[in-house]
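For reference, the structure discussed in these notes is given below.
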Amino acid sequence: MTGRDGSDWEATNYRTHTLGEVRDAGAQMIGHEVTVAGYAEAVRGRGAICFLMLRDGTGHLQAFLKKDNMNEETFATIQGASRESTIQVTGTVAQKRPPKVAEGEPNPPAEFEINVTDGQVLAMSQTPLPVGVVDDVHVGLDTRLDNRHLDLRRQHVNAMFQLRSKVLQYGREHLISEGFMEMNSPKIIASASEGGTNLFPIKYFETDAYLSQSPQLYKQLAVLGGLERVFEIGPAFRAEKHDTYRHLNEFISFDIEGAWMNDEDVMCVQERMIHHIWSQVNANDQNLIDMINEYKESQNEEKVAVEVPSLPFPRISYCEAIDIVKAGGGEIEWGDDIESHHCDLIAAKYPGFHFLPKWPMSMKPFYIFHDENEKGNTGGQLSRGFDLNYGRDEMTSGGQREHRVEVLEQNLRNMDLDPLDFTFYTDGFRYGAPPHAGWGLGVARLLMVLTGAGNVREVVLFPRDRSRVTP
RNA sequence: GCCCCUGUAGUGUAGUGGCCUAUCAUGGAGCCCUGUCGAGGCUCCGACCCGGGUUCAAAUCCCGGCGGGGGCGCCA
149 MTGRDGSDWE ATNYRTHTLG EVRDAGAQMI GHEVTVAGYA EAVRGRGAIC
199 FLMLRDGTGH LQAFLKKDNM NEETFATIQG ASRESTIQVT GTVAQKRPPK
249 VAEGEPNPPA EFEINVTDGQ VLAMSQTPLP VGVVDDVHVG LDTRLDNRHL
299 DLRRQHVNAM FQLRSKVLQY GREHLISEGF MEMNSPKIIA SASEGGTNLF
349 PIKYFETDAY LSQSPQLYKQ LAVLGGLERV FEIGPAFRAE KHDTYRHLNE
399 FISFDIEGAW MNDEDVMCVQ ERMIHHIWSQ VNANDQNLID MINEYKESQN
449 EEKVAVEVPS LPFPRISYCE AIDIVKAGGG EIEWGDDIES HHCDLIAAKY
499 PGFHFLPKWP MSMKPFYIFH DENEKGNTGG QLSRGFDLNY GRDEMTSGGQ
549 REHRVEVLEQ NLRNMDLDPL DFTFYTDGFR YGAPPHAGWG LGVARLLMVL
599 TGAGNVREVV LFPRDRSRVT P
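In our numbering, the protein residues as written are 149 to 619.
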């Protein structure tokens, strides 16, 4: 049986063929008996015949039911099924009667259908649907998320999550090709791993613990332990009361860390990975992009195009970025954070992917490396920390890490943190430590770019934000 | 935490103190027709977030609560 993307699926007890398979290979299957199953997208016809439009994960196919050809009761049950009910039918593949075309118009390519001889309703759908699956009415995001199980059946939404899976696949694929290995770090941690951000406290037996805000310190320990090149795709939790289109309190972070590398080295890894992802999507997944665009068109939204970015991505150092913002009329001084409205000014010049390397050390966490000889134009200490932005939005934050344990401990003290709270981490540096670097990328942010989604919640299955913990 | 906007059938909307017995689309129920194909035709169903207040009169104005959206802040 042919599955999604042409993959080979074993027949199951519920179907011998997928709908997409009959749709595509119907010409060779005419007269063959098949059993298929799917959701009832439409059930038309109330007389002696009935058209049942079925949908499964591979596509749509019409089933044609005639009272004379089957058990009367079975016919009546299927004819009376509500939209989205799951239905299994058995019948023979036939060529569909061609539609009437105007004089002189070319005949459309042959289509196929199933002449049903038997079937059953597997589960009847309740009516009315809280979210129409094929209806051309706009649905608010909140309603959609409350009914994600149905929202997900909508073609363009489904396509977004297929695309998400592809992006992760291509990203993995690329990193593995560069010698990175996949790892997992604990999500239950004993103390604030970095300070700064707010953690979710949890009860861990008789002691207090927190949900991990980042795999940062653990992936470094793995590298120090000799794994050299690691990556992790996993959840990160932030207890911040933000409420924007791009923040969530639980998100999937795509992290890497590599030994014997500096900030520039890992920026190169990242741009090669993103280039690979875009190239692969461009080559293999235009059908998913088309589904998304089909919907955008119906809503009069701007369509998305997968433009493979050229390498290398522009590098705009923090100092340069400040100059650009100032030249654009923005109010900013060296040492200030580059905020969203500042990013708009930079994005006007660099609309696509661009790195922002060499931030002031004072703005970066204690584990970021700095070279005492690298100072900003006002004399402030620079770091080897960088961001990757797409337009106004931050995708990644990364950098070379501090591998000198005495500097690490001094950095902690400089940031009012107690080195004694971090011995689980700093101990890893006491017996020789390779210089290393890495980054963390927000998967959903990347998906927003690729799908043109205006809200990060659209590309996260069950988003967790300030006011949503269900479903 | 701050500011602005907003809440009408299952869904998405129209509505600017009396023209509201509340619009339209989609949907649901049913009938007719039917090898339809975004099927079509007809009938019906279905809503003003909650609680106060102003007024002769409130979906509409005011206050509070709850929900939603946007912006800011916060944010390795």
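Here a beta-carbon is modelled for each residue, glycine too, at the ideal position from N, C-alpha and C.
CB-CB length for residue i against residue j, believed under 8 Å
| i | j | result |
| --- | --- | --- |
| Gly267 | Thr222 | 6 Å |
| Leu202 | Tyr187 | 7 Å |
| Met596 | Val607 | 6 Å |
| Asp403 | Pro505 | The Cβ separation is near 18 Å, so there is no contact. |
| Asp433 | Leu589 | Contact doesn't hold; Cβ gap of about 19 Å is too wide. |
Inter-residue Cα distance where the pair is residue i and residue j
| i | j | result |
| --- | --- | --- |
| Asp564 | Arg296 | 44 Å |
| Gly539 | Ala475 | 18 Å |
| Cys467 | Trp507 | 8 Å |
| Met409 | Thr392 | 34 Å |
| Asp485 | Met511 | 8 Å |
| Ala185 | Leu200 | 11 Å |
| Ser465 | Ser545 | 14 Å |
| Ala159 | Glu169 | 12 Å |
| Leu594 | Phe309 | 13 Å |
| Trp348 | Arg561 | Note that residue 348 is Phe in the sequence shown, not Trp. If you take the alpha carbons of Phe348 and Arg561, they lie about 24 Å apart. |
| Leu369 | Phe517 | 16 Å |
| Gln210 | Lys314 | 29 Å |
| His551 | Met421 | 25 Å |
| Pro276 | Glu405 | 50 Å |
| Glu220 | Met272 | 19 Å |
| Glu398 | Arg612 | 6 Å |
| Met144 | Pro462 | Nothing can be reported for residue 144, as the shown portion of the chain is limited to 149 through 619. |
| His623 | Ser615 | Outside the displayed span of the chain (149 to 619) sits residue 623, for which this structure offers no information. |
| Leu493 | Gly478 | 8 Å |
| Gly500 | Gln548 | 24 Å |
| Tyr498 | Val305 | 30 Å |
| Phe503 | Gln317 | 24 Å |
| Phe514 | Val417 | 23 Å |
| Gln447 | Lys244 | 31 Å |
| Cys491 | Trp587 | 20 Å |
| Gln227 | Arg194 | 7 Å |
Burial state of residue i (16 or more Cβ within 10 Å)
| i | result |
| --- | --- |
| Glu330 | exposed |
| Ile336 | exposed |
| Arg301 | buried |
| Leu459 | exposed |
| Ala229 | buried |
| Lys367 | buried |
| Gly154 | exposed |
| Thr571 | exposed |
| Glu261 | buried |
Same chain, Cβ closer than 8 Å to residue i, five either side skipped, listed in chain order
| i | result |
| --- | --- |
| Ile197 | Phe212, Leu213, Lys214, Lys215 |
| Glu520 | Gln529 |
| Glu232 | Tyr187, Ala188, Glu189, Ser273, Leu277, Val281, Leu298, Arg301 |
| Lys351 | Ala357 |
Paired residues, beta bridge with residue i - DSSP
| i | result |
| --- | --- |
| Trp587 | Ile404, Gly546 |
| Val241 | Ile262 |
| His208 | Arg203 |
| Cys467 | None; Cys467 has no bridge partner. |
| Cys198 | Leu213 |
| Asn537 | His502, Glu542 |
| Thr234 | Tyr187, Ala271 |
beta-carbon residue i near the ligand GTP non-hydrogen atom, thresh 7 Å
| i | result |
| --- | --- |
| Ala475 | Within the structure as shown, the ligand GTP is missing, as the structure has no ligands at all. |
Own chain partners of residue i with C-beta closer than 7 Å, once the 5 adjacent residues on each side are dropped
| i | result |
| --- | --- |
| Gly151 | Trp157, Thr166, Thr206 |
| Asp356 | Pro349 |
| Tyr162 | Ala185, Gln236 |
| His180 | Thr240, Val241 |
| Trp426 | Val454, Val456, Pro457 |
Proximal residues to residue i (C-beta, below 6 Å), its chain only, five neighbours per side dropped
| i | result |
| --- | --- |
| Ser531 | Trp507, Met509, Lys512, Ile516, His518 |
| Gly524 | Cys467, Trp482, Leu530 |
| Thr183 | Arg163, Thr164, Thr238 |
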